[in-house]
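Comments concern the structure below.
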Amino acid sequence: MRVMTWNILVGGKSRSDSILDVIRRERPDVLALQELKGWSAARTREVAAELGMHAHLAPSTFGQPVAVLAREEPTRTRSIRWRLHHAAAVATIGDLTVVSTHLNPFSPERRRREATWLAACFFRTRRKVLIAGDLNSLDPVTDHAESLARVDARYRRRHLTPAGTVDTRAIKALLDAGFVDVGRGIGPTVPTAGLGGAEFGAFRLDYLMASPPLARLTRYVSVLRDEATDHASDHYPVVASFG
């Protein structure tokens, strides 16, 4: 099973063809998308049909929608919006539950609360669960000092605790609950070469967090960095193979 997660930047806009070309090239069985600004359920189904997939879109109250697309039709879907700045789209595909989500980009404390709630809601010791998406958080095992030092202070505060230390609490909450960071060590997912923003250092913000039964099936995880993805979004997609 091949999985991809990708924040496509405010709905893709004029970059939609490039985004779809990358997805067609990679042929994921499961696709988690974030920042689907302006996407309706009809638009999502249309894109899914072009890709030969089924789709579930979760609207957002305060931010932007997210979605799960899959080649196999999900047996169950759910949308979560009231506890999250953006949203979470949940789809059960066979024996796998996929949660596509996008955590709070501005507040470390709200991001921690979101991650803690998601972990409590979805972690299962004996079931295959994947939380995939732009978690907007730094991990607790990497030295982030150099990357953070290069970010303007206006944006650096998004990754600092009230005490001024590096905030990694959102990822730690998922790890403490039992999820496995199967993409540890893959390197930064932002910014891209063509669409990097001032708010980014060389950070890994996009994650695949797997429950232990799924994590044991991990074959590889990588960041897709190439000429196409350099300009398709401000985030690089992350792909993984399980099985």
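Under our numbering, the first residue of the sequence shown is numbered 1, with each subsequent residue one higher.
Cβ atoms here follow ideal geometry from the backbone N, Cα and C, with glycine treated the same way.
Nearest residue (CA-CA) to Leu195, options Leu175, His235, Met209 and Ser14: Residue numbering aside, residue 195 sits at position 195 when the sequence shown is read from its first letter. Nearest C-alpha to Leu195: His235.
What is the DSSP secondary structure of Asp176, counted as helix, strand or coil? The residue labelled residue 176 in the question sits at position 176 within the sequence shown. Annotated three-state conformation of Asp176 is helix, per DSSP.
By the three-class DSSP mapping on this structure, what secondary structure does Leu33 have? Start at 1 with the first residue of the sequence shown, and residue 33 comes out as number 33. Looking at Leu33 - three-state DSSP - the assignment turns out to be strand.
Can you list, in chain order, the residues of its chain with a C-beta nearer than 7 Å to that of Arg219? Leave out the 5 residues immediately preceding and following it. As a first step, residue 219 is located in the sequence shown; it is residue number 219 there, counting from the start. These residues qualify, in order along the chain: Ser241, Phe242 and Gly243.
Can you say whether Ala149 is buried or exposed, counting buried as having 16 or more other CB atoms within 10 angstroms of its CB? Here residue 149 corresponds to residue number 149 of the sequence shown, with the count starting at 1. The residue is exposed, with fewer than 16 neighbouring Cβ atoms inside 10 Å.
Tell me Arg76's beta-bridge partners as DSSP assigns them. As a position in the sequence shown, residue 76 is number 76, starting the count at 1. Answer is Thr92, bridged to Arg76.
Count the other C-beta atoms from every protein chain shown that fall within 10 angstroms of the C-beta of Phe62, then say buried if there are 16 or more, exposed otherwise. The count along the sequence shown starts at 1 and reaches residue 62 at position 62. A residue is called buried when at least 16 other Cβ atoms come within 10 angstroms of its Cβ; Phe62 does not meet this threshold and is exposed.
Which residue's Cα is closest to the Cα of Gly178: Lys128, Pro191 and Ser147? Position 178 of the sequence shown, counted from the first residue, corresponds to residue 178. Comparing Cα-Cα distances from Gly178 to each of Lys128, Pro191 and Ser147, the minimum goes to Lys128.
May I have the straight-line CA-CA distance separating Gly133 from Ala210, to the nearest angstrom? What you label residue 133 is simply residue 133 of the sequence shown in a count that begins at 1. What you label residue 210 is simply residue 210 of the sequence shown in a count that begins at 1. Each residue's alpha carbon lies about 12 Å from the other.
Restricting to Cα atoms, I'd like to know which of Arg2, Met1 and Ile8 is closest to Thr189. By 1-based counting over the sequence shown, the position of residue 189 is 189. Of Arg2, Met1 and Ile8, the residue nearest in Cα terms is Ile8.
Specify whether the stretch 74-90 and the stretch 98-109 touch according to this definition: at least 3 beta carbon pairs, one from each stretch, less than 8 Å apart. yes
From what residue to what residue does the beta strand (DSSP E) around Thr5 run? By 1-based counting over the sequence shown, the position of residue 5 is 5. From DSSP, the beta strand (DSSP E) with Thr5 extends over Arg2 to Asn7.
Is it right to say Glu146 is buried, meaning 16 or more other beta carbons lie within 10 angstroms of its own, or is it exposed? In the sequence shown, the residue the question calls residue 146 occupies position 146. With fewer than 16 Cβ atoms within 10 Å of its Cβ, Glu146 is classed as exposed.
Could you give the distance in angstroms between the alpha-carbon of Pro108 and the alpha-carbon of Gly52? Translated into the one-based positions of the sequence shown, residue 108 becomes position 108. Translated into the one-based positions of the sequence shown, residue 52 becomes position 52. Within the model, the alpha-carbon separation for Pro108 versus Gly52 is close to 37 Å.
Is it true that the CB of Tyr155 sits closer than 8 Å to the CB of Glu199? Taking the sequence shown and counting its residues from 1, the one referred to as residue 199 is at position 199. Taking the sequence shown and counting its residues from 1, the one referred to as residue 155 is at position 155. In contact: Glu199 and Tyr155 (Cβ atoms closer than 8 Å).
How is the alpha helix (DSSP H) around Leu160 delimited, first residue to last? Translated into the one-based positions of the sequence shown, residue 160 becomes position 160. Careful: Leu160 lies outside any alpha helix (DSSP H) and carries neither H nor E.
Would you mind reading off the limits of the alpha helix (DSSP H) that contains Val10? Stepping through the sequence shown from its first residue, residue 10 is reached at position 10. Here Val10 belongs to no alpha helix (DSSP H), and DSSP marks it neither H nor E.
Report yes if the C-beta distance between Val66 and Val30 is below 8 Å; otherwise report no. In the sequence shown, the residue the question calls residue 66 occupies position 66. In the sequence shown, the residue the question calls residue 30 occupies position 30. No; because the gap between Cβ atoms is not below 8 Å, this pair is not in contact.
Between the C-alpha atoms of Ser18 and Thr165, what's the straight-line distance to the nearest angstrom? Locating residue 18 in the sequence shown gives position 18, counting from the first residue. Locating residue 165 in the sequence shown gives position 165, counting from the first residue. About 38 Å.
So for Ile131, helix, strand or coil by DSSP? Here residue 131 is taken as the residue at index 131 of the sequence shown, counted from 1. Residue state, collapsed to three classes: strand.
Can you name, in chain order, every residue of its own chain whose Cβ lies under 7 Å from the Cβ of Arg71, other than the five neighbours on each side? Residue numbering aside, residue 71 sits at position 71 when the sequence shown is read from its first letter. These residues qualify, in order along the chain: Asp29, Gly52 and Met53.
With DSSP collapsed to three states, give me the class of Leu69. Counting from 1 along the sequence shown, the entry for residue 69 is found at position 69. Of the three classes helix, strand and coil, the one that applies to Leu69 here is strand, per DSSP.
Near Pro213, what residues of its chain come up, given a Cβ to Cβ distance below 7 Å and the 5 sequence neighbours on each side ignored? As a working mapping, residue 213 is identified with position 213 in the sequence shown. Cβ neighbours of Pro213 beyond the five flanking positions: Arg126, Arg127 and Lys128.
Strand pairing of Leu57, partner residues [DSSP]: For this step, residue 57 is matched to residue 57 along the sequence shown. DSSP, once it has assigned bridges, lists Ala67 as partnering Leu57.
Could you tell me if Glu227 is buried or exposed, where buried requires 16 or more neighbouring beta carbons within 10 angstroms of its beta carbon? Sequence index remark: in the sequence shown, residue 227 carries index 227 (1-based). With fewer than 16 other Cβ atoms within 10 Å, it is exposed.
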